[in-house]
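Protein chains: 2
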Amino acid sequence: MSTPMTPPSSETLRERLAAARDAGLALAALDAAGRTSLLAGMAQALRARSDAILAANAHDVAAAQAQGRPAAMIDRLRLDPQRLAAIADAVDEVAGLPDPIGVVTHTATRPNGIRIERVRIPLGVVAMIYEARPNVTADAASLCLKAGNAVVLRGGSEARASNLAIVEALHAAFDAAGVPRAALTFIDDPDRDRIRELVQADDLLDLVIPRGGEGLIRFVAEHARVPVIKHYKGVCHLYVDAAADPALALGLLVDGKTSRPSACNALETLLVHRAIAPVFVPQALAALHAHGVAVRGCERTRAIDATVAVATEDDYAAEYLDLILAVRIVEDIDQAIAHIRRYGSDHTEVIATADAAAARRFEQALRSAVVMVNASSRFSDGGELGLGAEIGISTTRLHAYGPMGLEALTIERTIVRGDGQVRHAPAVA
Amino acid sequence: MSTPMTPPSSETLRERLAAARDAGLALAALDAAGRTSLLAGMAQALRARSDAILAANAHDVAAAQAQGRPAAMIDRLRLDPQRLAAIADAVDEVAGLPDPIGVVTHTATRPNGIRIERVRIPLGVVAMIYEARPNVTADAASLCLKAGNAVVLRGGSEARASNLAIVEALHAAFDAAGVPRAALTFIDDPDRDRIRELVQADDLLDLVIPRGGEGLIRFVAEHARVPVIKHYKGVCHLYVDAAADPALALGLLVDGKTSRPSACNALETLLVHRAIAPVFVPQALAALHAHGVAVRGCERTRAIDATVAVATEDDYAAEYLDLILAVRIVEDIDQAIAHIRRYGSDHTEVIATADAAAARRFEQALRSAVVMVNASSRFSDGGELGLGAEIGISTTRLHAYGPMGLEALTIERTIVRGDGQVRHAPAVA
């Protein structure tokens, strides 16, 4: 497993992508029951081969430790029997989701009698480029395959042995279901040039989803000819309006910042209307302090508590992913909206208010993917929003925006059925 | 009008795009009635300034003639009072379409009581890069603006004077509606470097739609960082199945090939099941001959009529846009499907058959944007399919696939309304 492999030549990569495309046609020919049964087999195979997967993962973790990688990265990398069982369970959950393929989204009959149907079909071949988390290998594969797409995975080198062991298990289920292994193609090559070649193969791939650090996403966006759905950072805001219930707002603040600071739907900035600030800000600072959150505040915040550190422009733009929060007291809702437009990432914004007109103004003035009114930013998640599972959260305002479930891995096409209708009825000679 | 302008510097282009983005926020703040009234004013302004527009167009046409441009190009360029009236009428029609913005596409309440709503919002700023047809200027502007998007137009240099006169008229309506002129930004610069800068401004533009020759589209696709919806060629097929009604199939053939050969939804290749070929092909060749269509056939076709020219690989891949048709007799439906997969462009395919199982197999095996069963390929058009109007026909299997109407210029976002729900209910200190 530690023997370096020869990176595939560019021709080989394209050949593999062409094989993935052809395998996608075989996959699309399966019916819903066939895809469900393929995924159930994948979950079983992960369980059957858990010893091999855990051994491979131990190898990756040891290598990462020997290289002195950060503890947070090693934690993302590490599997244990519980985590691996959860990965297999997640594949079973995706298997049980309603099948998105063949769903008719619209029907109409035109005056000339042609019957129009819009129907969901798979996108085709979806590539996922990701970093250290080996659970993405099984998650992305199950979601793409459930939606009838072939999937091309390029995982991070830190998780190489884990990923290869997971893919080997999944492929065993392919054989049993009679689906070509190329329907799940794993690119085992650490060279970034291979990513460049991959994302330029617009004749063979239909979509690329990069998941990882901003550097990876920018590299993909810069070189891609294949359509990309980006998920940049989540700089999520809570705006506490003059008409907010302070206790309710405090609950949203603590949940949003502390229940999982490393999540992209965690809060990064608190904006407070100046009218409610004298009541709310002292409570908020006390609660944040009690939860170990470091605060960086504007001058008005520091006038309330001089021990608060100074917030800079960089703080307002930061995705801390940590127990740090920027706090700013604003003149009014317009200044809050202007702040979010300037520093936000179009991910998720929250307003706490009992004033329906203020809520409406906040919703309409902002174009973020998700707006929460009196609910926690942490609900901005495919599972919490009822999508069943999530392949990512798009901040690209095209195709999908916000949490992406199975539907986002499909496209609607049109079927027209007629009885010989023509457009201009020319004389037939 | 013939004085060359200094091409704007790159900074100026980005400044103009930033102004378009800001103007888009003002536009999105209009309600449905406000956008309808803006478009009605645009239609009126085109009528009020028709003399100036026709004079500018005469200048463009004279210049194109002096440069010896092809007659087909000059025809696409030329406006007359009737054509200009039709352009204004089309803007009025778009004004009258149902407003796509604010439409709620899905609602749900989760077990924890949060109410979820998916709502259409504008994409933001849409750029259209196109060639000689000045009608696109008003069409694209009206569709984008109706959907609440700011629009950036970069037209071809042949239509420069016409485009500037049309934009001047439209801008007069903006002033009356109190909408910043930057909500319709026209890039008056023939340099292709400007296109490159435009399509790389992914922080300022949300979508680029190139419309024109394959060279333009490939140039955009190669350089773009902004998402692109491509419309490559339309190599549309009619497959006449063994179970087809020959008279019905003949009607589809003649309409598909001859009612408007220059349209992308015109037929380019006829595939005939060998069982019906002895009956159908002689009738088809006679009808095509009577309509002045030149045929390029396979060996089996030439065995029926030796005067038919030989079809090459290039013929099967060609988008003739002319009275030329490739004809191939196939073994069975599988060979027809394999042919279309190999040579098709994912645009529109037609099957003529009375056999429902054959129709179903054809629909499922092909992933083209539109599949017609016993109806003409010429219905693959936004107007004919009931979309009201069309900004293009996407052959990109992401966001929109096939004819694109107003909905394709919007995106769904999520609004969540709660009563203070949190995800993990941590203790509030």
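Protein sequence lines, in the order shown, are assigned to chains A and B.
In terms of the UniProt record's numbering, the first sequence is numbered consecutively and its last residue is 429.
In terms of the UniProt record's numbering, the second sequence is numbered consecutively and its last residue is 429.
Virtual Cβ for every residue (Gly too), placed ideally from N, Cα, C.
By Cβ distance below 8 Å, which residues in the same chain neighbour D80 of chain B in space, the five residues on each side in sequence not counted? Numbered from 1 along the second sequence, position 80 holds the residue referred to as residue 80 of chain B. Counting only Cβ-Cβ distances below 8 Å, and skipping sequence neighbours, we find L54.
With 16 other Cβ atoms within 10 Å as the buried cut-off, status of I415 of chain A: Within the first sequence, residue 415 of chain A is the residue found at index 415, counting from 1. Result: buried.
Are the beta-carbon atoms belonging to I121 of chain B and A108 of chain B less than 8 Å from one another? Residue 121 of chain B sits at position 121 when you count from the first residue of the second sequence. Residue 108 of chain B sits at position 108 when you count from the first residue of the second sequence. Contact flag unset, no.
Residue range of the alpha helix (DSSP H) that P171 of chain B falls in? On the second sequence, residue 171 of chain B is found 171 positions in, with the first residue counted as 1. A quick correction: the sequence has His, not Pro, at residue 171 of chain B. Residues 160-177.
Looking at S37 of chain B and R423 of chain A, is the spacing between their C-beta atoms short of 8 Å? Here residue 423 of chain A corresponds to residue number 423 of the first sequence, with the count starting at 1. Here residue 37 of chain B corresponds to residue number 37 of the second sequence, with the count starting at 1. No, the Cβ-Cβ distance between R423 of chain A and S37 of chain B is not below 8 Å.
Short of 6 Å in beta carbon distance, which residues of its chain neighbour R16 of chain A, apart from the five on each side in sequence? Order them along the chain. Within the first sequence, residue 16 of chain A is the residue found at index 16, counting from 1. Cβ within range, chain order: T185.
Which residues in the same chain have their Cβ closer than 6 Å to the Cβ of residue 493 of chain A, if we skip the five residues on either side of it in sequence? Nothing can be reported for residue 493 of chain A, as the shown portion of chain A is limited to 1 through 429.
Residues in the region 124-136 of chain B with C-beta within 7 Å of chain A's C-beta atoms, listed in sequence order? G124
Should E313 of chain A go down as buried or exposed, given a rule of 16 or more other Cβ atoms within 10 Å for buried? As a working note, residue 313 of chain A is residue 313 in the first sequence. So E313 of chain A ends up on the exposed side.
Residues of its chain near R110 of chain A, where Cβ-Cβ distance is below 7 Å and the 5 sequence neighbours each way are ignored: Here residue 110 of chain A refers to the residue found at position 110 when the first sequence is read from its first residue. So the qualifying residues of the chain are I116.
Chain A partners of Q335 of chain B, CB-CB under 7 Å? By one-based count along the second sequence, residue 335 of chain B stands at place 335. Those within 7 Å of Q335 of chain B in chain A number zero; the least Cβ separation is about 16 Å.
Interfacial residues, the region 94-119 of chain A to chain B, with Cβ spacing under 7 Å: A108, R110, I114, I116
Helix, strand or coil: how does DSSP classify G265 of chain A here? Here residue 265 of chain A is taken as the residue at index 265 of the first sequence, counted from 1. In the sequence as displayed, the identity of residue 265 of chain A is Asn instead of Gly. In this structure, N265 of chain A counts as coil in the three-state DSSP scheme.
I want to verify the contact list: residues of chain A whose CB lies under 9 Å from the CB of L79 of chain B, in sequence order. Here residue 79 of chain B refers to the residue found at position 79 when the second sequence is read from its first residue. Residues of chain A passing the Cβ test: none, with the nearest at roughly 24 Å.
Nearest chain A C-beta to G418 of chain B closer than 8 Å, yes or no? For the purposes of this step, residue 418 of chain B is taken as residue 418 along the second sequence, with counting starting at 1. Chain A, which has a Cβ nearer than 8 Å to the Cβ of G418 of chain B, makes this yes.
Using the beta-carbon of each residue, which ones in chain A are nearer than 9 Å to D322 of chain B? Within the second sequence, numbered from 1, the residue matching residue 322 of chain B stands at position 322. None at all; the shortest Cβ gap to chain A is about 16 Å.
Residues in its own chain within less than 6 Å of R300 of chain A by CB, not counting five upstream and five downstream? For the purposes of this step, residue 300 of chain A is taken as the residue at position 300 of the first sequence. Once the five neighbours on either side are set aside, the close Cβ partners of R300 of chain A are I329.
CA-CA distance, D419 of chain A and Q82 of chain B? For the purposes of this step, residue 419 of chain A is taken as residue 419 along the first sequence, with counting starting at 1. For the purposes of this step, residue 82 of chain B is taken as residue 82 along the second sequence, with counting starting at 1. Roughly 34 Å between the two C-alpha positions.
Span of the alpha helix (DSSP H), counted from its first residue to its last, around R192 of chain A: Mapped onto the first sequence, residue 192 of chain A falls at position 192. Looking at the DSSP string, the run of the alpha helix (DSSP H) that includes R192 of chain A is 192-199.
Nearest residue (CA-CA) to M372 of chain A, options A:Y343, A:S262, A:L252, A:A309: On the first sequence, position 372 is the one that residue 372 of chain A refers to. Ranking the options by Cα distance to M372 of chain A, first place goes to A:L252.
With a threshold of 7 Å on Cβ separation, who are the neighbours of P4 of chain B within its own chain once the five nearest residues in sequence on each side are excluded? Along the second sequence, read from residue 1 onward, the residue named residue 4 of chain B stands at position 4. Low confidence applies here, because P4 of chain B scores a pLDDT of 42, under 50, leaving its location unreliable and the question unanswered by this model.
Take A150 of chain B and list the residues in its own chain whose beta-carbon comes closer than 8 Å to its own, dropping the five residues that flank it on each side. To locate residue 150 of chain B, count along the second sequence from 1; it is residue 150. Answer for A150 of chain B: A20, R21, A23, G24, L27, G124, V125, V126, C144, A182, A183, L184, T185, listed in chain order.
Among A:R274, A:A221, A:V350, nearest to A266 of chain A - alpha-carbon criterion: The residue given as residue 266 of chain A occupies position 266 in the first sequence. When each option's Cα is compared against that of A266 of chain A, the closest is A:V350.
Own chain partners of Q421 of chain A with C-beta closer than 7 Å, once the 5 adjacent residues on each side are dropped: Sequence index remark: in the first sequence, residue 421 of chain A carries index 421 (1-based). N112, G113, I114.
Taking only the alpha-carbon atoms, compute the straight-line gap between M1 of chain B and A161 of chain B and give it to the nearest angstrom. Taking the second sequence and counting its residues from 1, the one referred to as residue 1 of chain B is at position 1. Taking the second sequence and counting its residues from 1, the one referred to as residue 161 of chain B is at position 161. Here the model assigns M1 of chain B a pLDDT of 39, short of 50, so the residue's position is not dependable, and the following value carries that caveat. When rounded, the distance between both Cα atoms is 7 Å.
Beta carbon of I229 of chain A, beta carbon of G392 of chain A: below 8 Å? Translated into the one-based positions of the first sequence, residue 229 of chain A becomes position 229. Translated into the one-based positions of the first sequence, residue 392 of chain A becomes position 392. Yes. Within cutoff.
If I measure Cβ to Cβ from M128 of chain B and keep anything under 6 Å in the same chain, skipping five residues before and after, which residues do I get? By 1-based counting over the second sequence, the position of residue 128 of chain B is 128. Closer than 6 Å at Cβ, skipping near neighbours: A140, L153, I209.
Is the Cβ-Cβ distance between A275 of chain B and A247 of chain B less than 8 Å? Reading the second sequence from its first residue, position 275 is the one you call residue 275 of chain B. Reading the second sequence from its first residue, position 247 is the one you call residue 247 of chain B. Cβ distance not < 8 Å, so A275 of chain B and A247 of chain B don't count as in contact.
Give the single residue among B:A263, B:V104, B:V167, B:F219 whose Cα lies nearest to the Cα of A72 of chain B. In the second sequence, counting from the first residue as 1, residue 72 of chain B sits at position 72. The candidate whose alpha carbon is nearest that of A72 of chain B is B:A263.
Would you identify the three-state DSSP class for S2 of chain A, choosing helix, strand or coil? Here the question's residue 2 of chain A lines up with position 2 in the first sequence. In this predicted model, S2 of chain A has a pLDDT of only 40, less than 50, meaning its place in the structure is not dependable enough to derive any value.
Within the region 97-165 of chain A, ranges of the alpha helix (DSSP H) (whole runs, at least 4 residues): 135-146
State the start and end residues of the unbroken alpha helix (DSSP H) segment that holds T60 of chain A. For the purposes of this step, residue 60 of chain A is taken as the residue at position 60 of the first sequence. It should be pointed out that residue 60 of chain A corresponds to Asp in this sequence rather than to Thr. Taken as a continuous stretch (DSSP letters only), the alpha helix (DSSP H) holding D60 of chain A covers 50-66.
Status (buried if at least 16 other CB within 10 Å, exposed otherwise) for G405 of chain A: To locate residue 405 of chain A, count along the first sequence from 1; it is residue 405. Flag for G405 of chain A reads buried.
Spatial neighbours of Q65 of chain B in its chain, beta-carbon cut-off 8 Å, leaving aside the 5 residues before and after: Within the second sequence, the letter at position 65 stands for residue 65 of chain B. These residues qualify, in order along the chain: I74.
Tell me whether A318 of chain A sits in a helix, a strand or coil according to DSSP, three-state version. Looking up residue 318 of chain A in the first sequence gives position 318. Of the three classes helix, strand and coil, the one that applies to A318 of chain A here is coil, per DSSP.
Based on Cα-Cα distance, which residue from A:P70, A:A48, A:G148 lies nearest to L30 of chain A? In the first sequence, counting from the first residue as 1, residue 30 of chain A sits at position 30. With distances taken between Cα atoms, L30 of chain A lies closest to A:G148.
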